[in-house]
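Numbering-wise, the working numbering comes out as the position in the sequence shown, counting from 1, plus 498. Backbone N, C-alpha and C fix where the C-beta goes; we use that ideal spot for every residue, glycine too. First the structure, in the form of structure tokens, and then the observations on it.
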Amino acid sequence: FDSSYPEAKITIHYKTEAECFKDYFDNKARIILVTRELTKDEKAACESRKIWPTSLSLARDAVAVIVNKESEDTVLDMNGLRGILTGVYKKKYTAVFDNQGSSAVSYITDSVLRGEKLGANVFAAKGNSDVVDYVTKNPNAIGFVGLNYVSDSTDPNNTGEFIKSVKVVALKSDKTGEFLQPYQAYIALKSYPLTRTLYYVNSESYPGLGTGFANFLAGQRGQLIFFHAHLFPTRSEMVIREAAIKQ
Numbered sequence: 499f500d501s502s503y504p505e506a507k508i509t510i511h512y513k514t515e516a517e518c519f520k521d522y523f524d525n526k527a528r529i530i531l532v533t534r535e536l537t538k539d540e541k542a543a544c545e546s547r548k549i550w551p552t553s554l555s556l557a558r559d560a561v562a563v564i565v566n567k568e569s570e571d572t573v574l575d576m577n578g579l580r581g582i583l584t585g586v587y588k589k590k591y592t593a594v595f596d597n598q599g600s601s602a603v604s605y606i607t608d609s610v611l612r613g614e615k616l617g618a619n620v621f622a623a624k625g626n627s628d629v630v631d632y633v634t635k636n637p638n639a640i641g642f643v644g645l646n647y648v649s650d651s652t653d654p655n656n657t658g659e660f661i662k663s664v665k666v667v668a669l670k671s672d673k674t675g676e677f678l679q680p681y682q683a684y685i686a687l688k689s690y691p692l693t694r695t696l697y698y699v700n701s702e703s704y705p706g707l708g709t710g711f712a713n714f715l716a717g718q719r720g721q722l723i724f725f726h727a728h729l730f731p732t733r734s735e736m737v738i739r740e741a742a743i744k745q
């Protein structure tokens, strides 16, 4: 974006989702990138402050579940995952998130636990890289991170390979009954259980800098960036075909 529009100056802050929404409502951010849209009450609060928000889905992301390379739990169904998070699973795990105010915590709490409380075995680290590091060093740890943090960025063909320091758990899909890892095709079809959507929420009601950046993200070049980060771009036309490998 900077190279295309050298006169535009964007300041980016990387924060938890909770902090992003706080900055948005405090008029400290024109646009935020988050994994949910505004609620009805939040929209009403914006309108009372003369803020007319717009939002649009940009890509589908996933929460990846990772375990130590020595762990035997490489496949889990959703009941097993809930058991780990609430501390009643047959094996004692330490569950690790990137931050207590992160989008992963809110997504898991709302979409997986659905009212149940996190167990005493759950704690927050200081970022996604710290989660990966903790799981790498602790055999009884299980971590929850954004997909791009376990995707192999050195893969020249962008085939969706995962980093080698941990194992990425395959989760049982309610749609297909298969145990699936968070590959782009399964995220596109929402077959992978922990699929979520990335949105922009824009406060501008005029064609300003935030709107220009939002348009860039929704355009062809912005969508390719999401694709190469192993997310599934939702503003591009994509075709998924089944293929068979002959021995």
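| CA-CA distance, residue 719 and residue 619? | In a straight line, the C-alpha of residue 719 is about 42 angstroms away from that of residue 619.
| query | Looking at the unbroken beta strand (DSSP E) that takes in residue 664, where does it start and where does it end? | reply | Note, residue 664: premise wrong, no beta strand (DSSP E); not H, not E.
| query | Can you name the start and end residues of the beta strand (DSSP E) that residue 697 belongs to? | reply | From DSSP, the beta strand (DSSP E) with residue 697 extends over 693-700.
| query | How about the segment 697-709 and the segment 530-542: do they share at least three Cβ pairs that are nearer than 8 angstroms? | reply | The segment 697-709 makes contact with the segment 530-542; the number of CB pairs closer than 8 angstroms reaches 3 or more.
| Relative to the C-alpha of residue 647, which residue among 539, 505, 562, 509 is closest? | Ranking the options by Cα distance to residue 647, first place goes to 562.
| request: Assign residue 579 to buried or exposed, taking buried as 16 or more other Cβ atoms, counted over all protein chains shown, within 10 Å of its Cβ. | output: By the neighbour-count rule (16 or more Cβ atoms within 10 Å), residue 579 is buried.
| field | residue 733 versus residue 715: straight-line alpha-carbon distance, rounded | value | Each residue's Cα considered, the two are about 9 angstroms apart.
| Under the DSSP definition of a beta bridge, which residues are partnered with residue 581? | Partner residues in a beta bridge of residue 581, as assigned by DSSP, do not exist.
| task | Check the C-beta distance from residue 682 over to residue 728 and give it rounded, since I have them as a contact under 8 angstroms. | result | At roughly 6 angstroms, the Cβ-Cβ gap stays under 8 angstroms, so residue 682 and residue 728 are in contact.
| Nearest neighbour of residue 660, chosen from 650, 612, 596 [CA to CA] | Checking every option, the nearest Cα to that of residue 660 belongs to 650.
| query | Whole-angstrom Cβ separation of residue 643 and residue 564, contact assumed at under 8 angstroms? | reply | Right, the Cβ-Cβ distance comes to about 7 angstroms (below 8 angstroms), so this counts as a contact.
| task | Using a threshold of 8 angstroms, state whether the C-beta atoms of residue 711 and residue 549 are closer than that. | result | Going by C-beta atoms, residue 711 is not nearer than 8 angstroms to residue 549.
| query | Which residue's Cα is closest to the Cα of residue 671: 556, 573, 584, 523? | reply | Ranking the options by Cα distance to residue 671, first place goes to 573.
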